[in-house]
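*Asks:*
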Amino acid sequence: MRYRYVDGGGEIGVIASVTQPFCGDCTRLRLSPEGAIYTCLFGSEGSDLRGPMRSGASDEDLAALIAGAWRVRSDRYSEIRTSMTGPRDKVEMYHIGG
Ligand code: SF4
Numbered sequence: 028m029r030y031r032y033v034d035g036g037g038e039i040g041v042i043a044s045v046t047q048p049f050c051g052d053c054t055r056l057r058l059s060p061e062g063a064i065y066t067c068l069f070g071s072e073g074s075d076l077r078g079p080m081r082s083g084a085s086d087e088d089l090a091a092l093i094a095g096a097w098r099v100r101s102d103r104y105s106e107i108r109t110s111m112t113g114p115r116d117k118v119e120m121y122h123i124g125g
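Just so we're aligned, residue 28 is where the sequence shown starts under my numbering, counting upward by one.
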C-alpha cells in the first residue's frame, strides 16, 4: 500500500506481509554466502548452487537449477504463520540478506 503526501513531497510504502500475505506472488529468491538459494525468507533448506558451479556447470545448467527450484516452491510462511505456534528451524535473515 502506498501513501503520498498531500503536498507531493514524497510517499511511503508499507508491505503488510502479515495482514495481507502475498506468498503466491512473492519473488524473494535469496542467495546465501555458501551458494545456496532460498525461495523464502523463512525457508529452512536451500538448494545448492556452489557444488554444481565447482563441478563446471554452465550458465544454462545453473539457470535450469534455479528455475527448477522456483517452479516447485510451495512457500507460504506469511500465510500460515499464525497457525505455527512452536519454534521453527529457518534460515536467519542476516544470512540471506533479509
Ligand atoms: S513468507 Fe516467504 S514466500 Fe511468503 S512473502 Fe515472505 S518470503 Fe515470500
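All residues carry an ideal CB built from backbone N, CA and C; glycine is no exception.
In its own chain, which residues sit with a C-beta less than 7 Å from the C-beta of Met120, not counting the 5 before and 5 after it?
*Replies:* Within the sequence shown, residue 120 is the residue found at index 93, counting from 1. Contacts found: Leu68.
*Asks:* Whose C-beta lies closer than 6 Å to the C-beta of Tyr65 among residues of the same chain, with five residues either side of it excluded?
*Replies:* Working through the sequence shown from its first residue, we reach residue 65 at position 38. Within the same chain, Tyr65 has close Cβ partners Arg57, Gly73, Val118 and Ile123.
*Asks:* Give me the residue from Arg29, Ser82 and Ser101 with the minimum Cα distance to Gly37.
*Replies:* Indexing the sequence shown from 1 puts residue 37 at position 10. Selected option, being the one with the closest Cα: Arg29.
*Asks:* Assign Asp116 to one of three DSSP states: helix, strand, or coil.
*Replies:* Here residue 116 corresponds to residue number 89 of the sequence shown, with the count starting at 1. In this structure, Asp116 counts as coil in the three-state DSSP scheme.
*Asks:* Which residues in the same chain have their Cβ closer than 6 Å to the Cβ of Pro48, if we skip the five residues on either side of it in sequence?
*Replies:* Here residue 48 refers to the residue found at position 21 when the sequence shown is read from its first residue. Ser105 and Glu106.
*Asks:* Return the residue from the list Leu92, Gly70 and Glu87 that minimises the CA-CA distance to Asp116.
*Replies:* Position 89 of the sequence shown holds residue 116. The candidate whose alpha carbon is nearest that of Asp116 is Gly70.
*Asks:* Quickly, what does DSSP pair Ser74 with across the bridge? List them, please.
*Replies:* Here residue 74 corresponds to residue number 47 of the sequence shown, with the count starting at 1. For Ser74, which the question treats as bridged, DSSP gives the partners Ile64.
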